[in-house]
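To start, the structure under review is shown below, and the notes come after it.
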Amino acid sequence: MRLALKPLATAVLKFRIEITSAYFSWYCVLNKPNPLSGIRVVLSHTTHPGNIGAAARAMKTMGLRHLYLINPRHFPDAQATAMAAGADDVLQDAVVCGSIDEALQGVVFTVAMTARLRDISIAVRTPREAMPQVLQEAQAGPVALLFGTEMSGLTNEEMGKAQLGVNIPANPEFSSLNVAAAVQVMAYELVAAAENFVPRVPQIEPATHERLEGLYAHLEKTLFEIGFFTTQNPARLMQRLRRLYSRTRLEDEEINILRGMLTVATEYNARLKKRYAEEHPDVQQH
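Numbering (my numbering), first residue to last: 2 to 287.
Next up, the structure:
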């Protein structure tokens, strides 16, 4: 009797293993982290509301949901809703911001779109080259894809907020894409890259956009106070310094150290000025 039951017990055990394995496989699929969940699309000063709606539709077709709008000329707007064509939920959840810094709050990595290979202080890649890095950066925190206005794109100041530039290869005689078309291309390349993406545990916890901007403002103020900019082009130099620190991917503790050094330098400079004024009362201070 025991011998007769042995094959049955083996079959039952095998069936349980298969059921458990199938359940585990489906559980992994349903609970797999979405590599696109940390991506936000940021449209700066969009003029035509239809472009906002078309961009929302482009996003939804590729699984992107986080839309940020910097001072759109018309929004909300019926034309935006019409062009969204079923992506109304993306429009309804869109975050309208009064400045680029507000739109990038909390972001740890920003990609700026550019149609012109101009003289900018950040590296520029194609979408296909950039997307693996974008997905990896999103493991550490929110990542922004920054798109400019329909007519002129991003300003140099806006480009300076990014750590990476992306240029979509196109006809050199007619290279300007509609903003929604650019969003569609970027979203597609993201999804294509995500298919074979193997996330790595982030080696660092990069500082957020607002922490970096605080450092840059502090650095510029200090360099002015100590007279460093007297023979330099301040805007050009600050672009170079932004690029330098962008490459190093600063963490919060490192920013604290740098800002502490700047504070000490400012205080020391103030003491020197005070001493000089006391020793030379007849010399006018500037």
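We put the beta carbon where it would ideally sit given N, CA and C, even for glycine.
Query raised in the report: In this structure, does DSSP put E252 in helix, strand or coil?
Result: strand
Query raised in the report: Going by alpha carbons, who is nearest to P203 out of E158, Q134, A194 and E130?
Result: Q134
**Report entry** Best match in Q137, F229 and P173 for proximity to N35 [C-alpha to C-alpha]
**Finding:** Q137
**Report entry** Sufficient close CB pairs (3 or more, under 8 Å) joining the stretch 178-198 to the stretch 256-273
**Finding:** no
Query raised in the report: F148 and S45 look like a contact to me (Cβ under 8 Å); what is the Cβ gap, rounded to whole Å?
Result: 7 Å
Query raised in the report: I think V125 touches V167, with their Cβ atoms under 8 Å apart; what is that distance to the nearest whole Å?
Result: 7 Å
**Report entry** Through-space distance from C98 to D253, alpha-carbon basis
**Finding:** 25 Å
Query - 3-residue-minimum beta strand (DSSP E) runs that sit fully inside the stretch 148-188, ordered along the chain - result: 165-167
Report task. List the endpoints of the continuous alpha helix (DSSP H) containing R212. Result -> H210 to E226
Query raised in the report: In three-state terms, what does DSSP make of A236?
Result: helix
Query raised in the report: On the three-state DSSP scale, how would you describe F45?
Result: According to the sequence provided, residue 45 is Ser. The question's Phe does not apply to it. Correct three-state label for S45: strand.
Query - Buried versus exposed call for L92 [16 or more other C-beta atoms within 10 Å across all chains shown] - result: buried
Report task. Please decide whether P133 counts as near chain D, where near means a Cβ-Cβ distance under 8 Å. Result -> Here there is only one protein chain, and chain D is not present.
Requested in this report: Could you tell me whether the Cβ atoms of I71 and V43 are closer together than 8 Å?
Outcome: yes
Query raised in the report: Opposite F110 in the DSSP bridges: which residues?
Result: Partner(s): V144.
Query raised in the report: Is V202 helix, strand or coil when you go by DSSP?
Result: In the three-state scheme derived from DSSP, where H, G and I count as helix and E and B as strand, V202 is classed as coil.
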